[in-house]
Amino acid sequence: MRCCIEAKIVWRRRAAWKILPRAGAISMLVLFAPACGKSTSPAALDLPIYFTCDTHGRLEPCGCFVGQFGGLTRLKTVLDAEAPASALRVDVGDAAAGREDYDLIEYRYMLRAFAEMKYDVLNIGAREAQFTAAQLRDLKSSSPTPIISANLLDKSSRQPIFDSYRIVQRGALRVAIIGVLDPRAMENPGDGLAVGDMESAVERCLAQLRGKADLIVLLAFADEAALGRLAQEFYECKVILGGKVSQPAQELIRQNRSLIYFVTNESRALGILRLRLARGADLEVTGNEMRLLHDQIPQDASLRQLMQGYRDEIRHARLGVDDANSLGADAVPGVRTVASYAGTEKCLACHQSAAAVWKHSPHARAFATLMDPKADADPKCIGCHTVGFGRFSGYRREFGATKLANVGCESCHGPGSLHVRQREGDGTVNFTFRPLGGGDCVKCHYGEFSRPFDWDRFWPGIKHGKEPSMSVAAEE
Ligand code: HEC
Ligand code: HEC
Ligand code: HEC
Ligand code: HEC
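So for the sequence shown, my numbering puts the first residue at 702; every next one is plus one.
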C-alpha cells in the first residue's frame, strides 16, 4: 500500500514543469511501474539511484540562448522535488570542465554543489585525472563530498590517491560503491599521476569487500564495450554505471548478472534507476529512466548563489591567461612574423558599409551581454564574447570593456595589424585575409552555446562585404 500513498504525495508535489510534455532525443523508458498493492517482504528496501556523468563544468547553464537544457542548478531542483532521502546519488566522472586554473577553482564550487545535493560519492573521470597529484590531494582533504578512484595512482608510489570505494548504509543494507577510470578513456593524466589497470583494481576492491557489502555498485568511467567487459568479468558488481559514452543509454542493459546503465550530455541528462532489494534476495528493477533537464525546470537559487561566488572569486584571481607572455607571441621565437589585433575601431573608418552592419548586430553588444550575469571576467565565457581572448595581443581580462571587447571584425577575420599597415600605405607589407565561411562561425555557434547554426539563417543577419567604392577601385 505504501507505494500508492507515496505516488499520491509525489503527484501533489508535482509542479507544472514536471508534467510539461517534452520532445527530446532521449526516450523515457520505464520497465515496469511500482506494483501498487503487491505485498513486499518487510525487509525489502527501495533504492532509487540518481546518477550523473559529464557535467563538464555546468554548474549553471551558460544562457547563450533561450530554451537551453541542463545545469546542476536544475538538477538540484529535480532531486529536491523527488529524490527520497534513501536515494543513492553518485557522479561517474568528468564533472570538471578542464585542467586550467579557473577550471580547478570552479570544480571546488561544484564539489560544494554536489554536497548541497547530498551526493554520496563522486568518481574521478578523465578530466579530473588531468589535474596534478598535488591539486587532487588538496581536493581530497577539502572536498565536502567524498571522491573515490580505485585506479588513479600516485605515479611513483603506485598507491591510489583517493579511497577506492565507499560503503554507505541504507536501512539494514550496506551498499559499496567502487570507482574506476578506464586508462583507454584518457590520454595524459596530470603531473605525478598514473592510471592503473581497471580490472585488477576492481578485483582488489572485491577481495577487500568480501562479506562487507550487500550490494556492490561500480562507477566506471568507461565506454559501452568496456562496461560490458566489466559485467562479463565481475558478476559481483550488480550495478555498473558509466560512462565515457557519446549518448545516454537508450535502455537498461542486462549483461551476465549485472545491470548496465550510462549517462552523458554535459549535464543535460540525469540517469535514474529504481531498485528494490532484500537481504540475500535478488534485486528487482522497478523502473529506469533518462530524465532530461529541460528549460522549464526552475534553477535552484542556492546553487546560483554558489555560481556567483565562483564568478566573484574568479574576477579577483590572478590566472595563467592574464599573463600575455605565456600566450605564444611568435610563430618563430623572437621573430614577430604574425599580425596582432588592431581593434574593431581601426577597421570601421575604411569599411563603412561593413561597419554599419556590424554596429547594428548583436556581435557589437556581445560583451555587455555578459555584464548582467556578472560573467564578464569569467574565462569560460569571454572567449566567444570578445576578440582573440587567450591569444597573444588578444583581449585580456584587465581591459574590462575598454578594448577588444565584443565579437569584432577580427574575431572572425583574424588579427589585422598587417592589413591596416598595408592599407595605410606601408609598401613592405603584403597581406591577405583568408576567405571565411560557415566553418568559421561554428567555432562559437555550436552545441549549447548557440541555437543550431544554419548559414542561410544566420549569415543574412550580419551579411556584409567589400565597400562598393573599394571594389570599383580594385577593378580599375
Ligand atoms: C563557444 C562560444 C561561447 C561561449 C564559451 C559562451 N558563449 Fe554566450 N553566446 C555564444 C553565442 C554564439 C551566442 C548567440 C547564440 C544564438 O544566437 O543562438 C551567445 C549568446 C549569449 C547570451 C545572449 C542570449 C540572448 O538571448 O541574447 C548570453 C547571456 C550569453 N551568451 C552568456 C554567456 C555566458 C554567461 C557564458 C559563460 C558561462 C557564455 N555565454 C559563454 C557563444 C558563447
Ligand atoms: C586604411 C583603410 C583600411 C583599414 C583601416 C582596414 N581596411 Fe580592410 N581593406 C581596405 C581596402 C582598401 C581593401 C581592399 C578592398 C578591395 O580589394 O576591394 C580591404 C580589404 C579587406 C578585406 C578583404 C580581404 C583582403 O585581405 O583584402 C577584409 C576581410 C578586410 N579588409 C578587413 C579589415 C579589417 C578586419 C580591418 C580592421 C582590423 C580592416 N580591414 C581595416 C582598407 C582598410
Ligand atoms: C567569436 C565568436 C563568434 C563567432 C566566430 C561568430 N559569432 Fe555570431 N554571435 C556570437 C555571440 C557571442 C553572439 C551573441 C551576442 C549577444 O547577443 O550578446 C552572436 C550572435 C549572432 C547572431 C544574432 C543571433 C540572434 O539572436 O539574433 C547572428 C545572426 C550571428 N551571430 C551570426 C554569425 C555568423 C553568420 C557567423 C560566422 C560568419 C558568426 N556569427 C560567428 C559569437 C560569435
Ligand atoms: C561574425 C563574423 C564576422 C564578423 C564579426 C565580421 N566579418 Fe567580415 N566577413 C565575414 C564573412 C563570413 C565574410 C564573407 C566571406 C568572405 O568573403 O570571406 C566576410 C566578408 C567581409 C569582407 C569582404 C571580403 C572579400 O574578400 O570579399 C570585408 C571587407 C569584411 N568582411 C570586413 C569586415 C569588417 C570591417 C568587419 C567589422 C566591422 C567585419 N568584416 C566583421 C565574417 C565576419
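Built from N, CA and C at the ideal position, the CB exists for glycine as well.
- CA-CA distance, residue 1050 to residue 1146, rounds to 28 Å.
- Around the beta-carbon of residue 912, fewer than 16 other beta-carbon atoms lie within 10 Å, marking it exposed.
- Rounded to whole angstroms, residue 1000 and residue 949 show a C-alpha spacing of 22 Å.
- Cβ-Cβ distances below 8 Å link residue 1041 to 1093, 1094, 1116 and 1118 in the same chain, with the five nearest sequence neighbours on each side left out; the list follows chain order.
- Per DSSP, the continuous beta strand (DSSP E) segment holding residue 991 begins and ends at 985 to 993.
- In terms of CA proximity to residue 869, 750 leads the group 750, 807 and 808.
- Between residue 917 and residue 879, the C-beta spacing is below 8 Å.
- In this structure, residue 1110 has its beta carbon less than 7 Å from a heavy atom of ligand 2.
- A direct Cα-Cα distance of roughly 8 Å separates residue 748 from residue 871.
- Runs of the alpha helix (DSSP H) spanning 4 or more residues and lying entirely within the segment 1088 to 1137 occur at 1110 to 1114 and 1118 to 1124, in chain order.
- Beta-bridge pairing by DSSP links residue 833 to no other residue.
- By alpha-carbon distance to residue 844, the top candidate from 1087, 808 and 858 is 808.
- Residue 802 sits in a helix when the DSSP states are folded into three classes.
- For residue 877, the enclosing beta strand (DSSP E) covers residues 874 to 882.
- By the beta-carbon neighbour count (other beta carbons within 10 angstroms, threshold 16), residue 890 is buried.
- The residue from 831, 1143 and 811 with its alpha-carbon nearest to that of residue 893 is 831.
- Residue burial is scored here from C-beta neighbours: residue 899 has at least 16 other C-beta atoms within 10 angstroms and is therefore classed as buried.
- Taking C-beta atoms as the reference points, residue 863 and residue 854 fail to come closer than 8 Å.
- Per DSSP, residue 914 is not a residue of any beta strand (DSSP E), being assigned neither H nor E.
- Per DSSP, the continuous beta strand (DSSP E) segment holding residue 866 begins and ends at 866 to 871.
- With distances taken between CA atoms, residue 793 lies nearest to 940 out of 940, 857 and 771.
- With contacts defined as CB atoms closer than 8 Å, residue 1090 and residue 763 fail to qualify as a contacting pair.
- With a threshold of 16 other beta carbon atoms within 10 Å, residue 964 meets it and is buried.
- Taking each of 1002, 1108 and 850 in turn and checking the Cα distance to residue 1046, the smallest one comes out for 1108.
- In the DSSP secondary-structure assignment, residue 852 is not bridged to any residue.
- Residue 1009 carries a helical assignment under DSSP once its states are collapsed to helix, strand and coil.
- With a cutoff of 8 Å on beta-carbon distance, residue 922 and residue 882 are scored as near each other.
- In the DSSP assignment, no residue is bridged to residue 1045.
- The beta carbon of residue 780 lies closer than 6 Å to those of 818 in the same chain, with the five residues before and after it left out.
- The three-state secondary structure of residue 1019, taken from DSSP, is coil.
- If you ignore the 5 residues before and after residue 884, its C-beta comes within less than 6 Å of the C-beta of 896, all in its own chain and listed in chain order.
- Pairing residue 775 with residue 994 gives a Cβ-Cβ distance under 8 Å.
- CA-CA distance, residue 1130 to residue 1166, rounds to 22 Å.
- In the structure shown, the three-state DSSP call for residue 753 is strand.
- With distances taken between CA atoms, residue 1023 lies nearest to 1100 out of 1125, 1014, 1100 and 1082.
- In terms of Cβ geometry, residue 1141 and residue 1110 do not form a close pair [threshold 8 Å].
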